[in-house]
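Notes to accompany the following structure.
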Amino acid sequence: QILPNSSEPLKEVRVEDDRTGLSIETLKRAFADNLFYIQGKFPEIASRNDFYMALAYTVRDRLLRRWLNTAETYTRNASRTVAYMSAEFLMGPQLGNNLINLGIYDQVNQAMKELGLDLEELLEEEEEPGLGNGGLGRLAACYLDSLATLEIPSLGYGIRYEFGIFEQDIKDGWQVEITDKWLSAGNPWELPRPEWSVEVKLGGHTEMRADEHGHFKVYWLPDKIVKGIPYDTPILGYKTNTANTLRLWKAEAVESFDFYAFDSGDYLGAVHQKTVSENISKVLYPNDNSAQGKELRLAQQIFFVSCSLKDMTRIMAGQNVPLEQFADKFVIQLNDTHPSVAIPELMRLLIDEHNMTWDQAWGITKKTFAYTNHTLLPEALERWPISLFGRMLPRHLEIIYEINNRFLDEVRMKFPDDVDRLRRMSLIDESGERYVRMAFLACVGSYSINGVAALHTELLQKDVLHDFYEMYPEKFNNKTNGITPRRFMVLSNPRLCKLLHSKIGDEWVKNLYELRKLEGFVDDPEFRHQWRQMKQEIKQDVVDYIKSTTGINVNVNSMFDIQAKRFHEYKRQHLNVLHIITLYNRIKANPNIEITPRTFLFGGKAAPGYYMAKLIIKLINSVGDIVNRDPDVRDRLKVVFLKDFSVKFAQKIYPAAELSEQISTAGKEASGTGNMKFALNGAITIGTLDGANVEILEEVGAENFFLCGLTTEEVYALKAKGYKPWEYYKKDPELKLAIDRIASGFFSHGDPNLFKPLVDHLLGNDQYMLMADYRSYIDTQDEVSQAYRDIDRWTRMSILNVARMGKFSSDRSIRDYCEDFWKIQPVKIDLKQYVEATA
Ligand code: NTF
């Protein structure tokens, strides 16, 4: 029975209890109330989504109390705050995570059971906000979780895309994109705050004019104004009272400006303008690790950055903090260069709108910003054509020129008579068409520059940002990425958590280094048995899932070998495919060969415009079609492409993994974070010395990691001496056969043209050096197969991987940021105060 008994006297139900209480009885009552009064349904006609919404609102009520307490405390103390600016926040579903962080997962599970509902089913109902592409957006989300858990005052600032990352379907083996409709059923987690809307100027030109005191000033006369409306989502910490805010901006037309163009009679034109304004927050650009030089993308960047900075000045005014103290009140962390126009925008606000001098404004700006670089790939480094930039942001371009002039003077001073250095370091690339170099702007305008793994930071210093490292060595530092164990263990892997709980308690959830205590059990055969049992159960769930969604029968005793990440040539999913084909060829040559059964699972999206990445997806499905059906294989190999990889789906997959594929070309993957999620769930990594793999290897030990491939130095050296992929192909019969099979049309119904572009790439220039790494990869995979046959050895490796993952908690990353250069302290939130004050 869901509705409260109507004979119960209403006056005995205290409002406060229904909105804040955590007992099963109260939760049930609040749930029924929300179903009735918010969804407007009674149980008999309610859909599963109605039940989900009723539960979401029940949970949101409990968040709100903590949220308002937190906001009130920060306001009263005018607390120093981290503003994390990011074009992407890949949050994943909110309900389960909030239940975990509130500490009421079990109560709610029970409450739902008593109402005849299944919590798991309701969790499935949530459309996740896919407002990010991959690692960069997910990192931002993990950091918000850690910031709240560590009780650090913080705000996430970004864009409320109406359409997030596309949904992926597979048709005839090809990726097909479907628009993401995450908002269509409503979003119970956000609160619009129209009263805090702000206006953003775009286009037009600047003029010098005298102000009322006869002082000359620059005026920017835009040809367009857009309104930004903030939508707030509470971010609750794990078992703390801290609930910080994620503030995402939606673009709307300003009604008073250009909308009623009645004088020209152009009503439809005016409505068109409205559409153009709203386009700004319409859709997430679906590229990962490649810059999109589109006008609309620049509009998105200035839009959310300008809204956020104005929001910050509003907050300061509300707390009576003078603008001169901007850098004391806020540190702004730039999540890559996407928000780096914030640097000239803050300058503009301080100078043009708040009458500061250049020196005053610059002093504040370069004490406020800190820049995280997330990539070494040249095609991902943002540069904006001067013409486009000046058309949209004429005032910002002037400011950038002035920053550049002063900066180049500084360079000249430090390195006299070095003209080439000036050319290399200029914020304006003048080698052909002129561009603004956003990474350089971020370096000049920030007091800290960090990479996301030790190797990545080293390569930034040596290579991509070498001149800036020589100019400002004190600004550079490393902050190795991390992941939140709340979502990627507690929520996603309850079986593992239960086993851990029985041996080492739960301290590890807040202090991941506590997992080390597991090492004491690695020699206990009973424990190892339980460990295997647990993995088997998780794998069985995935087997059932695959059966029901694809019809493919997977052998639960085969090794689950998984590569789940965005599709990109540098990540080398096609190297993995070459291994599959090699094993298949060995079987074809000798059907009775001893082979360790494996299931190869792939997940991930390709950017819609990235032809080669899409062709690799097609190749996986084509190889799967052959391998999965060939009777000679006898079910020893299976290839499964899991479509529409998302945070929600990732949570199901990581726990089932036994082998984690992290095989990018050395020097290309800045960090990787999937590598951490797999290892934390007991998978063993086969990987190159790239990104954070280096540090994972260091932590777990070489005997618990399968290392393969060239090192970064070897990659550089080989390129320098002249790399000839063809030679590797000629010399290695297994490699040759694998490539020939693709080229001959064996996997494409006899069509040799389908995969020709891929084959040509590999044998032609092979930019990512698959041919050079093939032999090492295959030999290492053979070792993996050997190791898997020794069940005890494998289990020990798996346990030790989990035990040694402490370093990769995002709590550690955030602590490092706080202590090293954010210089910010936790603020305790007292829940009682507020209740007493309002009682
Ligand atoms: C990504 N960068 C990197 O490719 C990953 O290696 C890294 O783990 C994540 O950032 C998070 O740091 C990007 O997505 C971008 F935008 F920089 F190209």
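Residue numbers (my numbering): 1001 to 1839. Glycine included, every Cβ here is placed at the ideal spot set by N, Cα and C. Remember, it's a predicted structure, so these values are computed and weren't measured experimentally.
- Distance from the CA atom of D1792 to the CA atom of S1798, rounded to whole angstroms, is 10 Å.
- Between the ligand NTF and the CB of L1136, the shortest heavy atom gap is smaller than 6 Å.
- Linking E1212 to D1336 through their CA atoms gives a straight-line distance of about 41 Å.
- Assigned with DSSP and collapsed to three states, R1741 falls in helix.
- In terms of Cβ geometry, F1163 and V1276 do not form a close pair [threshold 7 Å].
- Take the alpha-carbon of F1468 and the one of R1598: they are about 47 Å apart.
- Ranking L1637, M1208, L1268, F1303 by CA distance to the CA of K1227 puts F1303 first.
- Put simply, the backbone Cα of F1602 is about 24 Å away from that of D1760.
- Judged by their CB atoms, K1614 and A1606 are nearer to each other than the 7 Å cut-off.
- A Cβ-Cβ distance of about 4 Å is found for the pair Q1319 and A1078, placing them in contact under the 8 Å criterion.
- At least one heavy atom of the ligand NTF lies closer than 6 Å to the C-beta of V1452.
- Within the same chain, and ignoring the five residues on either side of V1554 in sequence, the residues whose Cβ sits closer than 8 Å to its Cβ are V1542, V1543, I1546, K1547, T1599, K1638, V1640.
- Relative to the ligand NTF, the beta carbon of E1569 is positioned no closer than 6 Å to any heavy atom.
- Bounds of the alpha helix (DSSP H) holding Q1301 are 1295-1318.
- For P1591, the closest alpha carbon among the candidates L1578, D1779, R1634, L1496 is that of R1634.
- R1160 carries a coil assignment under DSSP once its states are collapsed to helix, strand and coil.
- In terms of Cα proximity to M1559, the closest of K1828, D1328, V1784 is V1784.
- Non-local C-beta neighbours of E1734 in its own chain, meaning closer than 6 Å and more than five positions away in sequence, comprise T1582, ordered along the chain.
- Look at Y1545 here: in three-state DSSP terms it is helix.
- In the three-state reduction of the DSSP assignment, P1394 falls in the helix class, which pools H, G and I.
- The nearest non-hydrogen atom of the ligand NTF is 6 Å or more from the C-beta of E1695.
- Cβ contact annotation for I1552 (same chain, cutoff 8 Å, sequence separation greater than five): I1546, N1628, K1638, V1640, in chain order.
- Judged by beta-carbon spacing, E1661 lies beyond the 7 Å limit of Q1781, meaning their Cβ atoms are not closer than that value.
- Contiguous beta strand (DSSP E) elements confined to the region 1626-1670 occur at 1637-1642, 1659-1662, taking only those with 3 or more residues.
- Under the criterion of beta carbons closer than 8 Å, T1058 and F1031 qualify as touching, at roughly 5 Å.
- In the three-state DSSP reduction, E1519 falls in the helix class (H, G or I).
- Burial state of S1622 is buried, judged by a 10 Å Cβ sphere holding 16 or more other Cβ atoms.
- In the structure shown, the three-state DSSP call for K1571 is helix.
- Exclusion of the five residues before and after T1596 leaves M1559, S1785, Y1788, R1789 as the residues of its chain whose Cβ lies within less than 7 Å of its Cβ.
- Contact annotation: L1707 and D1773 have beta-carbon atoms that are not nearer than 7 Å.
- By the neighbour-count criterion, in which 16 or more other beta carbons inside 10 Å mark a residue as buried, L1268 falls on the exposed side.
- Nearest to G1390 by C-alpha distance, out of T1149, G1764, E1295, is E1295.
- Between the ligand NTF and the CB of L1139, the shortest heavy atom gap is smaller than 6 Å.
- Under DSSP, H1205 shares a beta bridge with L1221.
- Look at the beta carbons and you see the region 1814-1821 touching the region 1468-1482: at least three pairs across the two are nearer than 8 Å.
- Unbroken beta strand (DSSP E) stretches of 3 residues or longer found wholly inside the region 1130-1155: none.
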